[in-house]
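Offset between the sequence shown (1-based) and the numbering used here: plus 22.
C-beta: ideal position from N, C-alpha, C; glycine also.
Written out below as structure tokens is the structure these notes cover.
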Amino acid sequence: MITKFDSSYYGTADMDNLGYKGTPINDRYYSQPELAKALHKVVDYAKCMDERGYNTFWMAEHHFQPEGTELIPNLLMTAMHLCGVTKNIRIGCGFNIVPMWHPLRLAEDYAMADILTGGRVIFGVGRGYHTREVESFGAPLLDQNANREMFEEGVEVLFKAFEGKPFSHKGKYYTIPPEVPYRGYTLKKITLVPGPERLPVECWQPIQSGSARAFDFMAKHGISGVIGGGSAEGGAVERHMLGFQAAYARRGVKLELGERLALGYQFHIASSREQAIREAAPHYEENMKMFGELRLVRALTDEQIAAMRDPKLAGTVKLPTIEDAVKAGGFLAGRPEDIIEQLKAVEKRYPGLDRVICATPLGTPLDVQLEDLDRFAKEVMPAFRGARIVAAAE
């Protein structure tokens, strides 16, 4: 039963000339004041969600993007601020890119956020997908095996540290602590101080390839998963859900289908499905230009990606359309009753699913985003028994 309605926003600059035939992403370049404005938009987005009874606002860690697409470099700092200007909403880290952090620093920062916000910050981990980001921080991404190894070892250290007990770790990438002299003895163990108050730490991770290894790793650490974006549109949702469920079962944990998972959707509400599609199409295409280039939409060919990069080629090859996404179920478009019908069908198909993340696509103006959030809260959420609803501020 769906009881938790979330949304996500990555902080974007104000954009124009969108879509496949619009300005190429690599040609966008914003001034520092224009980029900084995105952080204030993040605050407005979170406040709107808080006032309307949403459960969790998810953000993503990204760096070095003068193109204006994803502009939140530190999730935990932002989460601390957002908890100070909102009352109830939880703030989700979707996701801290583990290979770019020293795991002890990340563990300390999360523990402080957990303590000082009373548990309103949700932890999340990811491997990263921008070479410019991950490799610039000195971590591997082009070498996917090394990236996976570093991520897995970093997560191992994080969960050891979260226990708040003396521990040591010796691996390929980290030796913690170093055996150095300290106050007359040789250091053998170290303790995270202070540790998080809420244990075990709730942790989420994106599901992309859906390999058995990845699912087994998540089950080992009790990590929950987010399925969305290209996965949702590629028809992989049920395969991922079954793989996730099977991994937990191998550890003796029985889950209903969809339990401990969240499904991500893009959405736009209008007077008709046709109007919603027409209005959202440029933003959907801009979203595809951004994520397709990064291979997060796995079905795309090299030819399609090249056409997304060059507006002169956009009409020479078939590119994904918002109509395709709506038909595949990855984009919720239309009247509130249309969206309710679609989510009710999802709820029936996956009885363990209790959380959905509905967000507007890249480049959607803030006023449209806030209107969509408002209408979704007022006209969609009340149809789901058990969802926490707060009357919208007038």
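Hey, is V390 close to the ligand MG, as in C-beta under 6 Å from one of its heavy atoms? Ligands are entirely absent from the displayed structure, and the ligand MG is therefore not among its contents.
Would you give the residue range spanned by the alpha helix (DSSP H) that Q267 belongs to? Mapped onto the sequence shown, residue 267 falls at position 245. Run containing Q267: 259-272, per the alpha helix (DSSP H) assignment.
Thinking C-beta only, is G408 closer than 7 Å to T25? For the purposes of this step, residue 25 is identified with residue 3 of the sequence shown, where counting begins at 1. For the purposes of this step, residue 408 is identified with residue 386 of the sequence shown, where counting begins at 1. Cβ atoms of T25 and G408: closer than 7 Å.
Taking the beta strand (DSSP E) that K366 falls in, what are its first and last residues? Here residue 366 refers to the residue found at position 344 of the sequence shown. Following the DSSP letters along the chain, one finds K366 in no beta strand (DSSP E) but inside the alpha helix (DSSP H) bounded by residues 358-371.
Straight-line gap, L128 to D136 (C-alpha atoms, nearest Å): As a first step, residue 128 must be located in the sequence shown, where it is residue number 106. As a first step, residue 136 must be located in the sequence shown, where it is residue number 114. Computed Cα separation, rounded: 12 Å.
Assign E255 to buried or exposed, taking buried as 16 or more other Cβ atoms, counted over all protein chains shown, within 10 Å of its Cβ. Walking along the sequence shown from the start, residue 255 turns up at place 233. Residue placement at E255 is flagged as unreliable, the pLDDT there being 45, under the threshold of 50; the coordinate-derived value follows with that caveat. Classification of E255: buried, given that the 10 Å Cβ count is 16 or more.
If you follow the beta strand (DSSP E) that D28 is part of, which residue opens it and which one closes it? Position 6 of the sequence shown holds residue 28. Run containing D28: 26-30, per the beta strand (DSSP E) assignment.
Closest by C-alpha distance to E175, when choosing among E278, H243, L104, I249: Here residue 175 refers to the residue found at position 153 when the sequence shown is read from its first residue. Comparing alpha carbon positions, the residue from E278, H243, L104, I249 closest to E175 is H243.
Could you check where the beta strand (DSSP E) with A381 kicks off and where it finishes? Against the sequence shown, residue 381 aligns to sequence position 359. Where A381 is concerned, the enclosing beta strand (DSSP E) stretches over 377-381.
Starting from G286, follow its DSSP beta bridges and name the residues at the other end. Here residue 286 refers to the residue found at position 264 of the sequence shown. Bridge partners of G286: I379.
Below 7 Å between beta carbons: does that hold for Y42 and E307? Walking along the sequence shown from the start, residue 42 turns up at place 20. Walking along the sequence shown from the start, residue 307 turns up at place 285. Their beta carbons are under 7 Å apart, which means Y42 touches E307 by this criterion.
Could you tell me which of R149, T91, C105, G141 sits nearest to G116, measuring between CA atoms? Residue mapping note: residue 116 aligns to position 94 of the sequence shown, counting from 1. Among R149, T91, C105, G141, the Cα nearest to that of G116 is on R149.
Under 7 Å between C-beta atoms of P222 and V248: Looking up residue 222 in the sequence shown gives position 200. Looking up residue 248 in the sequence shown gives position 226. No, Cβ-Cβ distance for P222 and V248 is not below 7 Å.
Is there contact between the stretch 77-85 and the stretch 93-105, where contact requires at least three CB pairs shorter than 8 Å? yes
Just curious, the alpha helix (DSSP H) that T153 is in, first and last residue? Taking the sequence shown and counting its residues from 1, one reaches residue 153 at position 131. That run of the alpha helix (DSSP H) goes 153-156.
Return helix, strand or coil for N118, following the three-state DSSP convention. Locating residue 118 in the sequence shown gives position 96, counting from the first residue. Three-state DSSP puts N118 in a strand.
Considering only the alpha carbon of each residue, which of C105, F27, G274, Q166 lies closest to G141? As a working mapping, residue 141 is identified with position 119 in the sequence shown. Minimum Cα distance to G141 is reached at C105.
Count the other C-beta atoms from every protein chain shown that fall within 10 angstroms of the C-beta of S190, then say buried if there are 16 or more, exposed otherwise. Looking up residue 190 in the sequence shown gives position 168. With fewer than 16 neighbouring CB atoms inside 10 Å of its own CB, S190 falls in the exposed class.
In this structure, does DSSP put T100 in helix, strand or coil? Here residue 100 refers to the residue found at position 78 when the sequence shown is read from its first residue. It is helical.
Are the CB atoms of D38 and N77 within a distance shorter than 7 Å? Taking the first residue of the sequence shown as 1, we reach residue 77 at position 55. Taking the first residue of the sequence shown as 1, we reach residue 38 at position 16. No, these two residues do not count as a Cβ contact at 7 Å.
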